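Colleague:
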Amino acid sequence: MIRYICDLCKCEIDPEDELRYVVKIEVYAAYDPNLNAEDEDDRDHLQEIQDILERLEDESDQQIGSDVYQKLRFDLCPECRKKFLQNPLARESAKAVFGFSTN
Ligand SMILES: [Zn+2]
């Protein structure tokens with residue numbers, strides 16, 4: 005039987021006993037074809053991103069830089085799913101870790 009481990013609390017998720025939740029996060033450089041349409045300097049860069057995004061559609065291309073596109077996948081137990089949804093961007097912990105200053 006396949007066992008899953010919650011990526012947050014590391015507890016074992018028994019699929020027969022409780023629901024397992026999958027979180028998929030895609031982070032990619034945004035491309036808006038209407039943005040900066042008349043800005044010549046930015047056009048090449050935007051075209052570049054568009055080309056990369058088009059290449060993503062056939063997922064055979066593994067050469068895409070992680071700064072342009074990243075896909076993350078996590079397994080969560082029901083408890084951690086609840087916590088995740090309350091704070092999907094982990095704002096509080098980011099504050100604590102990086103010591104955000106209030107200028
Ligand atoms: Zn958990």
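In terms of the numbering used here, the sequence shown opens at residue 5 and continues consecutively. By construction, the Cβ of each residue, glycine as well, lies at the ideal position given by its N, Cα and C atoms. Model, not experiment: these values are computed from the prediction.
Which first and last residues belong to the alpha helix (DSSP H) in which Glu83 is found?
Modeller: 82 to 90
Colleague: Would you call the CB atoms of Leu76 and Phe88 closer than 8 Å?
Modeller: Not in contact: Leu76 and Phe88 (Cβ atoms no closer than 8 Å).
Colleague: Taking Met5 as the reference, which of Asp11, Pro19, Cys13 has the closest Cα?
Modeller: Pro19
Colleague: Residues in the same chain with beta-carbon distance under 8 Å from Ile2, minus the five sequence neighbours each way, listed in chain order, please.
Modeller: No answer is possible for residue 2: it lies beyond the span of the chain, which begins at 5 and ends at 107.
Colleague: What residues match up with Ile9 in a beta bridge as DSSP calls it?
Modeller: Glu16
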